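Enquirer: Numbering (our numbering), first residue to last: 35 to 326. For every residue, glycine included, the Cβ atom is placed at its ideal position computed from N, Cα and C. Keep in mind it's a predicted model, so treat the numbers as computed, not measured.
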């Protein structure tokens, strides 16, 4: 029997360490599945593009980003949650920007004598884009009137955009940016947790339909590896080394992170869509059948 090559994408962050362990184990080879991983520094927006264009078959994506993409017509289907806990977004500025806390940010946005606050984002439709809207809304501000966006591609280019004054703030997962905060390349002035489970496993519609048995096998094996990973006695050291983090930061992150084996639920899909609709980012609420 010929093996099937399956291309999967995700951010090169600690959330996806179970995939690294799975690939290292070669366990799927006995199922005649050749799983190939691709890092996406540009996040969910870049993964949507690659799924739609047939460059990858599966992806580990932010819930809000893939939900918006599907609402916008992307031929993507949800498979299950991958991480059920919220993502903690850090709100970052450059240390010499003059924005040193949440109130500075509110004052800067409210002062209409200033131009709209420019937000560096990896890509339109990405988590860094969508969560900026939700964060501004949580501050009681009108994001549609007082935010502008600069697409920078990835974390490294966001550093440059803030350093050179091209953007004012950048939202990204707080533990991933911690080394840059420690080096004073970023200043983290606030945090904002995603109001729903943060990561889902999703796939291009034709692949999910035509290779449902393969998808099921991959799902079962990655769920097993995610659960077994937490029993590894050297896990903190492994993660700290691989992702250039302090062990204490990894321990804190692990205490706040839970991997999931559960399907995406209707209530969460409705909640995400209601928020996106309220912000004018989608045109209507769609039924569950669009997503599965």
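1) Do you know offhand how far residue 215's Cα is from residue 145's?
2) In its own chain, which residues sit with a C-beta less than 6 Å from the C-beta of residue 186, not counting the 5 before and 5 after it?
3) Using a 10 Å radius around the Cβ and a threshold of 16 neighbouring Cβ atoms, would you call residue 132 buried or exposed?
4) When you compare only the Cα positions, how much space is there between residue 250 and residue 95?
5) Would you mind reading off the limits of the beta strand (DSSP E) that contains residue 307?
6) Between which two residues does the alpha helix (DSSP H) containing residue 137 stretch?
7) Spatial neighbours of residue 102 within its chain, please: CB distance less than 7 Å, with the 5 preceding and 5 following residues excluded, ordered by chain position.
8) From 71, 65, 217, pick the residue whose C-alpha is nearest to that of residue 57; which is it?
9) State the CB to CB distance for the pair residue 295 and residue 66, rounded to an integer number of angstroms; the pair is presumed to be in contact (CB under 8 Å).
10) Assuming residue 42 contacts residue 90 (C-beta within less than 8 Å), just tell me the rounded distance between them.
11) Should residue 252 and residue 69 be called a contact, given that it needs their Cβ atoms to be closer than 9 Å?
12) One question on the structure: do residue 204 and residue 287 come within less than 9 Å of each other, judged by their Cβ atoms?
13) Between residue 55 and the rest of its own chain, which residues show a CB-CB distance below 7 Å, the 5 nearest in sequence each way excluded?
14) Rank 106, 248, 123 by C-alpha distance to the C-alpha of residue 324 and give the top, closest one.
15) Just grab the DSSP bridge partners of residue 38 for me.
16) Considering only DSSP beta bridges, list what residue 152 is partnered with.
17) Rounded to whole angstroms, what's the CA-CA distance from residue 81 to residue 44? Just pull it up for me.
18) Per DSSP, residue 44 is paired with what?
Expert: Inspection of the coordinates gives the following:
1) The residue you call residue 215 lines up with position 181 of the chain shown. The residue you call residue 145 lines up with position 111 of the chain shown. Approximately 27 Å, taken between the alpha carbons.
2) The residue given as residue 186 occupies position 152 in the chain shown. Taken in chain order, the residues that qualify are 154, 192, 195.
3) In the chain shown, the residue the question calls residue 132 occupies position 98. With fewer than 16 neighbouring CB atoms inside 10 Å of its own CB, residue 132 falls in the exposed class.
4) The residue labelled residue 250 in the question sits at position 216 within the chain shown. The residue labelled residue 95 in the question sits at position 61 within the chain shown. Straight-line Cα distance between these residues: approximately 18 Å.
5) Within the chain shown, the letter at position 273 stands for residue 307. No beta strand (DSSP E) contains residue 307, which is instead part of the alpha helix (DSSP H) from 300 to 312.
6) Taking the chain shown and counting its residues from 1, one reaches residue 137 at position 103. For residue 137, the enclosing alpha helix (DSSP H) begins and ends at 136 to 144.
7) Mapped onto the chain shown, residue 102 falls at position 68. Result list for residue 102: 159, 164, 310, 315, 316, in chain order.
8) Here residue 57 is taken as the residue at index 23 of the chain shown, counted from 1. Considering only alpha carbons, the answer is 71.
9) Your numbering for residue 295 matches position 261 in the chain shown. Your numbering for residue 66 matches position 32 in the chain shown. Wrong, their Cβ atoms sit about 23 Å apart, outside the cutoff.
10) What you label residue 42 is simply residue 8 of the chain shown in a count that begins at 1. What you label residue 90 is simply residue 56 of the chain shown in a count that begins at 1. Confirmed, Cβ separation roughly 6 Å.
11) Locating residue 252 in the chain shown gives position 218, where the first residue counts as 1. Locating residue 69 in the chain shown gives position 35, where the first residue counts as 1. Going by C-beta atoms, residue 252 is nearer than 9 Å to residue 69.
12) By one-based count along the chain shown, residue 204 stands at place 170. By one-based count along the chain shown, residue 287 stands at place 253. Contact: no.
13) By 1-based counting over the chain shown, the position of residue 55 is 21. The residues are 259, 263.
14) Here residue 324 refers to the residue found at position 290 of the chain shown. Nearest C-alpha to residue 324: 106.
15) As a position in the chain shown, residue 38 is number 4, starting the count at 1. Within the DSSP secondary-structure output, residue 38 pairs in a beta bridge with 67.
16) What you label residue 152 is simply residue 118 of the chain shown in a count that begins at 1. According to DSSP, residue 152 bridges with 182.
17) Counted from its first residue, the chain shown places residue 81 at position 47. Counted from its first residue, the chain shown places residue 44 at position 10. About 7 Å.
18) Mapped onto the chain shown, residue 44 falls at position 10. Note: residue 44 sits in a beta bridge opposite 73.
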